[in-house]
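Residue numbers (my numbering), protein chains in the order written: chain A, 720 to 981; chain B, 41 to 344.
Glycine is no exception: its CB is placed at the ideal position from the N, C-alpha and C atoms.
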């Protein structure tokens with residue numbers, strides 16, 4: 720899965736422009752400009768506290784849930800070229816288009832079916848047949864259908880950690896999002912579950928754009944098409960994943976990738 | 041430090057540990073034995089009077105004929121009014137404070153005062169109710185007045201337990217729901233309320249079991265101590281079949297009935313009081329037991 724240097728640049732899905740973010744007085748993100756290409760995987764790497772998760776959570780306005788947070792600059796979402804961070808844009812509208820998978824599997828204490836269906840219910844879908852069809856599609860896409868199709872009414876907590884995370888992916892996919900944000904989706908999982916989720920992401924990028932935060936550099940190298948290295952709230956380097964990992968331009972990037980710090 | 045020295049130190053620490061265990065046991069026994077002695081005494085005195093007639097008779101001038109019918113019916117109806125008023129108010133207030141209220145100085149002041157409310161002597165609530173419900177609103181010395189008074193009294197308990205139950209829900213669950221595009225109300229109604237219901241219910245029952253034993257505020261609003269009739273039946277033969285006339289009827293409750301009997305000079309009435317005490321204690325313990333069982337059940341079904 721090494722990305723070919725495209726002759727024509729790929730289509731943009733989203734683009735951060737001069738993005739700044741403050742937690743109260745703390746300036747967490749500094750002038751970040753970064754493209755997210757359509758139906759590609761963009762990985763964000765960097766040491767703990769560098770702001771990669773903070774950056775990710777700007778894309779679905781998660782920061783709006785807590786007081787004292789402030790955005791500056793813009794994130795444009797294409798094809799309609801709307802600024803996600805604009806005061807006129809309702810965060811709920813944003814979350815209808817951009818969904819998220821969290822670090823720790825966080826299924827609701829409901830049945831497997833209701834977990835996958837919740838995003839659809841929020842959108843007012845109540846017809847059983849329609850829900851069943853969409854839930855099945857989502858579970859198939861999350862590579863979970865075969866394991867759970869006979870026990871959709873069982874509590875989601877009965878699933879293993881890796882299955883729970885795939886259920887969370889199904890939940891995020893059921894609403895047919897344009898962009899899916901993954902916040903270190905495998906950091907709580909064992910290597911086998913991790914491998915299955917990575918494989919899944921590679922399949923998903925046929926249909927959807929993905930932005931992923933990862934602590935694991937091998938993971939970024941294995942799954943992503945583009946990689947950004949963040950350090951202390953700034954993008955140090957952004958490029959094709961292949962080039963970042965084989966021939967980075969900046970010394971800091973090279974030091975981080977080779978494990979000299981981080 | 042040589043080895044034998046270490047051993048001496050460890051031995052000394054062990055001794056302290058043993059001493060503390062002993063102290064803790066004694067402290068525990070003081071509390072438990074007092075309650076047990078009290079309960080045994082009540083049970084011995086009251087047992088002979090605990091027959092079916094005791095539950096189906098009105099109070100009487102003759103101790104052997106007297107029963108607690110009007111008292112337990114009164115307690116039951118007052119608790120019903122209390123629950124109907126306190127649950128929606130307390131749960132809504134708890135949800136508002138925890139999920140909606142902006143985190144600023146005003147909210148902090150309100151929060152502190154909710155805690156303070158729990159410490160206000162119940163007789164003060166009685167005085168408030170006498171002025172407000174009985175006189176200003178004209179509810180009279182009725183089941184409605186008493187129910188609302190006790191509702192006010194247990195509101196802080198319900199608010200605090202609702203907030204604690206909400207706080208027990210991991211942030212990841214809230215974020216998961218919001219990330220799917222849920223509105224705040226959808227998050228509350230679809231997730232927070234159902235997942236916190238165990239804690240809320242526990243708080244409600246603990247509140248009610250406190251309310252059922254309250255005497256002072258009910259005496260203050262003027263409950264009668266001798267009632268030889270039941271409130272109007274809530275069920276009617278003709279349309280609309282359900283009547284709410286009973287809420288404005290006079291009443292008595294279990295603790296007042298007990299209080300009335302203990303103030304009689306004849307010894308026979310003391311046994312009635314003891315028997316009523318056993319019934320009241322059993323009701324309270326039963327409610328607490330249900331609360332513990334519910335908490336256990338719900339904790340078992342939802343593990344974070």
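Counting only beta-carbon separations shorter than 8 Å, does residue 147 of chain B have a partner in chain A?
One-based indexing of the second chain puts residue 147 of chain B at position 107. No - not a single Cβ of chain A is within 8 Å of the one on residue 147 of chain B.
Could you list which residues in chain A have their beta carbon closer than 7 Å to that of residue 123 of chain B, in chain order?
Taking the second chain and counting its residues from 1, one reaches residue 123 of chain B at position 83. Simply none; closest approach about 26 Å.
Which whole-angstrom value describes the C-beta separation of residue 747 of chain A and residue 740 of chain A, a residue pair presumed to lie in contact below a C-beta threshold of 8 Å?
Locating residue 747 of chain A in the first chain gives position 28, counting from the first residue. Locating residue 740 of chain A in the first chain gives position 21, counting from the first residue. Yes, residue 747 of chain A and residue 740 of chain A are in contact; Cβ-Cβ is about 5 Å, under 8 Å.
What in chain B is Cβ-close to residue 991 of chain A, meaning under 9 Å?
Lying outside 720 to 981, the shown extent of chain A, residue 991 of chain A is not represented and no answer is given.
Under three-state DSSP, which class holds residue 953 of chain A?
What you label residue 953 of chain A is simply residue 234 of the first chain in a count that begins at 1. Residue state, collapsed to three classes: strand.
Compare the C-beta of residue 957 of chain A with all C-beta atoms of chain B and state if any pair is closer than 8 Å.
The residue you call residue 957 of chain A lines up with position 238 of the first chain. Answer no: the Cβ-Cβ gap between residue 957 of chain A and chain B never drops below 8 Å.
With 8 Å set as the bound, which would you pick, yes or no: does the beta-carbon of residue 808 of chain A sit closer than that to a beta-carbon of chain B?
Within the first chain, numbered from 1, the residue matching residue 808 of chain A stands at position 89. Judged by the 8 Å Cβ criterion, residue 808 of chain A is not in contact with chain B.
Mind checking who residue 791 of chain A pairs with in its DSSP beta bridge?
Taking the first residue of the first chain as 1, we reach residue 791 of chain A at position 72. Note: residue 791 of chain A sits in a beta bridge opposite A:739.
For residue 191 of chain B and residue 260 of chain B, I'd like the C-alpha separation in whole angstroms.
Reading the second chain from its first residue, position 151 is the one you call residue 191 of chain B. Reading the second chain from its first residue, position 220 is the one you call residue 260 of chain B. Spanning the two alpha carbons is a distance of roughly 15 Å.
Would you mind telling me which residues of chain A sit closer than 7 Å to residue 342 of chain B, beta carbon to beta carbon, in chain order?
In the second chain, residue 342 of chain B corresponds to position 302, counting from 1. Neighbours of residue 342 of chain B on chain A, chain order: 828.
Take residue 902 of chain A and list the residues in its own chain whose beta-carbon comes closer than 6 Å to its own, dropping the five residues that flank it on each side.
The sequence position of residue 902 of chain A within the first chain is 183, counting from 1. So the qualifying residues of the chain are 772, 775, 821, 822 and 932.
Give me the subset of the stretch 771 to 792 of chain A whose CB atoms are less than 8 Å from a CB atom of chain B, sorted by chain position.
So the list reads 779, 781, 784 and 786, given in the order they occur along the chain.
Assuming residue 194 of chain B contacts residue 126 of chain B under a Cβ cut-off of 8 Å, what Cβ separation, rounded to an integer in Å, is found between them?
Counting from 1 along the second chain, the entry for residue 194 of chain B is found at position 154. Counting from 1 along the second chain, the entry for residue 126 of chain B is found at position 86. About 5 Å separates the two Cβ atoms, so the contact holds.
With distance defined between alpha-carbon atoms, name the residue in A:937, A:887, A:799 and A:965 nearest to residue 827 of chain A.
Position 108 of the first chain, counted from the start, is the residue given in the question as residue 827 of chain A. The candidate whose alpha carbon is nearest that of residue 827 of chain A is A:887.
Cβ closer than 7 Å: which chain B residues qualify as neighbours of residue 825 of chain A?
Within the first chain, numbered from 1, the residue matching residue 825 of chain A stands at position 106. Chain B residues near residue 825 of chain A: 212, 213 and 216.
Short check: CB of residue 221 of chain B to CB of residue 814 of chain A, under 8 Å?
Translated into the one-based positions of the second chain, residue 221 of chain B becomes position 181. Translated into the one-based positions of the first chain, residue 814 of chain A becomes position 95. Yes.
Hey, out of A:849, A:914 and A:896, whose CA is closest to residue 925 of chain A's CA?
Position 206 of the first chain, counted from the start, is the residue given in the question as residue 925 of chain A. The shortest Cα separation from residue 925 of chain A among A:849, A:914 and A:896 belongs to A:896.
CB-CB under 8 Å to residue 794 of chain A, same chain, minus the five flanking residues each way: which ones, in chain order?
Locating residue 794 of chain A in the first chain gives position 75, counting from the first residue. Excluding residues within five positions, the ones whose Cβ falls inside 8 Å are 733, 734, 735, 736, 738, 777, 778, 802, 803 and 804.
Would you report the Cα separation of residue 731 of chain A and residue 906 of chain A, rounded to the nearest angstrom?
As a working note, residue 731 of chain A is residue 12 in the first chain. As a working note, residue 906 of chain A is residue 187 in the first chain. Near 28 Å, if we compare the C-alpha coordinates of residue 906 of chain A and residue 731 of chain A.
Enumerated in chain order, which unbroken segments of the beta strand (DSSP E) with a length of 3 residues or greater are wholly contained in the stretch 839 to 902 of chain A?
Counting only runs of 3 or more, we get 898 to 902.
Just verifying my parser: in three-state terms, what is the DSSP assignment at residue 293 of chain B?
In the second chain, counting from the first residue as 1, residue 293 of chain B sits at position 253. Three-state result, residue 293 of chain B: coil.
Per DSSP, residue 965 of chain A forms a beta bridge with which residues?
For the purposes of this step, residue 965 of chain A is taken as residue 246 along the first chain, with counting starting at 1. Paired residue(s): none; residue 965 of chain A is not in a bridge.
How big is the Cα-Cα spacing for residue 130 of chain B and residue 930 of chain A?
Translated into the one-based positions of the second chain, residue 130 of chain B becomes position 90. Translated into the one-based positions of the first chain, residue 930 of chain A becomes position 211. Rounded to the nearest angstrom, the two C-alpha atoms are 43 Å apart.
Output yes if chain B places a C-beta closer than 8 Å to the C-beta of residue 801 of chain A; else output no.
Here residue 801 of chain A is taken as the residue at index 82 of the first chain, counted from 1. So no, residue 801 of chain A is outside the interface.
Over what stretch of residues does the beta strand (DSSP E) that includes residue 753 of chain A continue unbroken?
Numbered from its first residue, the first chain carries residue 753 of chain A at position 34. Note, residue 753 of chain A: beta strand (DSSP E), 745 to 756.
Can you tell me whether DSSP reads residue 907 of chain A as helix, strand or coil?
If you number the first chain from 1, residue 907 of chain A lands on position 188. Of the three classes helix, strand and coil, the one that applies to residue 907 of chain A here is coil, per DSSP.
Show which residues of chain B have a CB atom less than 7 Å away from the CB atom of residue 815 of chain A.
Residue 815 of chain A sits at position 96 when you count from the first residue of the first chain. Here the neighbours are 221.
Alpha carbons only, please: which of A:868, A:961, A:953 and A:958 is nearest the one belonging to residue 751 of chain A?
Locating residue 751 of chain A in the first chain gives position 32, where the first residue counts as 1. With distances taken between Cα atoms, residue 751 of chain A lies closest to A:953.
For residue 948 of chain A, list the residues DSSP reports as bridge partners.
Taking the first residue of the first chain as position 1, residue 948 of chain A is located at position 229. A:764 and A:956, per the DSSP bridge assignment.
Rounded to the nearest angstrom, what separates residue 94 of chain B and residue 282 of chain B at their Cα positions?
The count along the second chain starts at 1 and reaches residue 94 of chain B at position 54. The count along the second chain starts at 1 and reaches residue 282 of chain B at position 242. If you take the alpha carbons of residue 94 of chain B and residue 282 of chain B, they lie about 28 Å apart.
State the Cα-Cα distance for the pair residue 111 of chain B and residue 858 of chain A, rounded to the nearest angstrom.
Working through the second chain from its first residue, we reach residue 111 of chain B at position 71. Working through the first chain from its first residue, we reach residue 858 of chain A at position 139. Approximately 59 Å between the Cα atoms of the pair.
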